[in-house]
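Peer 1: Numbering (the UniProt record's numbering), first residue to last: 1 to 186.
Note that CB positions come from ideal geometry on N, CA and C, so glycine has one too.
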Amino acid sequence: MKKKPYPREEKVNSIPPAMKAGEYHTMFRTGLKWILPFVVSVLFCGMVGPYKYIAIFAVAGSVWGLALKHLSKRMVEIKFTDDSIIIDNTIFPMKEVENYYTCLPLRKAFMLRLQMKDGKRHIYYIPVECRNKVEGYMAKRAFLYKQKYDGFLCYSHYVFALIAVCFASICILLMSYYNLPFQLIK
Numbered sequence: 001m002k003k004k005p006y007p008r009e010e011k012v013n014s015i016p017p018a019m020k021a022g023e024y025h026t027m028f029r030t031g032l033k034w035i036l037p038f039v040v041s042v043l044f045c046g047m048v049g050p051y052k053y054i055a056i057f058a059v060a061g062s063v064w065g066l067a068l069k070h071l072s073k074r075m076v077e078i079k080f081t082d083d084s085i086i087i088d089n090t091i092f093p094m095k096e097v098e099n100y101y102t103c104l105p106l107r108k109a110f111m112l113r114l115q116m117k118d119g120k121r122h123i124y125y126i127p128v129e130c131r132n133k134v135e136g137y138m139a140k141r142a143f144l145y146k147q148k149y150d151g152f153l154c155y156s157h158y159v160f161a162l163i164a165v166c167f168a169s170i171c172i173l174l175m176s177y178y179n180l181p182f183q184l185i186k
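What follows is the structure in structure tokens.
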């Protein structure tokens with residue numbers, strides 16, 4: 001009985017492929033710009049009457065789609081090399097990175113925070129499919145330290161939702177104070 005030889009192990013490339021990522025501050029600012037039109041469209045669609053759910057899907061869905069399209073245009077490209085990270089044609093040598101942190105606050109994207117030695121933080125939303133490769137790449141750099149916890153990153157997306165709820169409640173209060181829905185119908 002002959003033993004089958006082990007299949008040749010393919011060399012796994014430890015460098016993640018180039019990927020599109022969203023810069024945290026740009027995404028947050030763009031999202032804040034689109035909260036008010038989205039909230040207003042939902043509120044006015046709610047006043048349509050019996051067809052309010054259809055109007056919410058049509059009008060508010062269109063506003064939401066435009067916001068997502070605007071966000072996708074602002075994506076940057078991240079490339080990992082042996083000794084540096086290239087983010088949107090800006091080279092960051094790995095020697096300048098003091099520590100890093102990753103977390104998974106969203107289903108489709110995880111957050112990568114790079115803390116530089118000069119004190120700057122670079123935070124990016126990266127697709128979840130690339131998480132293992134990125135974490136493996138960062139873990140192989142012996143001089144890098146992975147921070148164990150970063151409360152800002154874990155809970156910052158809740159701030160965005162809180163701001164959206166505050167805008168919606170302010171709109172509802174103003175509309176009810178000035179009796180706006182009934183004035184629009186007359």
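Over the uninterrupted beta strand (DSSP E) stretch that includes V128, give me the two end residues.
Peer 2: Careful: V128 lies outside any beta strand (DSSP E) and carries neither H nor E.
Peer 1: Over what stretch of residues does the alpha helix (DSSP H) that includes F57 continue unbroken?
Peer 2: Looking at the DSSP string, F57 is not in any alpha helix (DSSP H), and its letter there is neither H nor E.
Peer 1: So, F38 versus A67, is the Cβ gap smaller than 9 Å?
Peer 2: yes
Peer 1: Is A168 helix, strand or coil by DSSP?
Peer 2: helix
Peer 1: Between which two residues does the beta strand (DSSP E) harbouring I78 extend?
Peer 2: V76 to F80
Peer 1: When the Cα of M111 is compared with those of E129, D118 and S169, which residue comes out closest?
Peer 2: E129
Peer 1: Taking only three categories from DSSP, how would you classify K20?
Peer 2: strand
Peer 1: Rounded to the nearest angstrom, how far is the Cβ of C171 from that of L32, given a contact under 8 Å?
Peer 2: About 15 Å; that fails the 8 Å criterion.
Peer 1: Which residue's Cα is closest to the Cα of I85: V40, F160, M138 and S176?
Peer 2: The option with the nearest alpha carbon to I85 is M138.
Peer 1: Quick check: the Cα distance between K146 and Y101, rounded to an integer number of angstroms?
Peer 2: 6 Å
Peer 1: Just checking my contact of L153 with R113 at CB under 8 Å: how many whole Å lie between their CB atoms?
Peer 2: That pair is a contact at about 6 Å.
Peer 1: So which of G151, I126, A161 and S72 has the shortest CA-CA distance to P16?
Peer 2: I126
Peer 1: For V12, which residues in the same chain have their Cβ closer than 7 Å to its Cβ, ignoring the five residues on either side in sequence?
Peer 2: The predicted position of V12 is uncertain, since its pLDDT is 48 and thus under 50; a value taken from the coordinates is nonetheless stated next. Same-chain partners within the cutoff: there are none.
Peer 1: Beta-carbon within less than 8 Å of Y6's beta-carbon, same chain only, minus the 5 sequence neighbours each way: which residues are those?
Peer 2: Because Y6 carries a pLDDT of 48, less than 50, the predicted location of this residue cannot be relied on, and no value is offered for it.
Peer 1: Between the alpha carbons of A168 and K140, how many angstroms are there, rounded?
Peer 2: 46 Å
Peer 1: Should I54 go down as buried or exposed, given a rule of 16 or more other Cβ atoms within 10 Å for buried?
Peer 2: exposed
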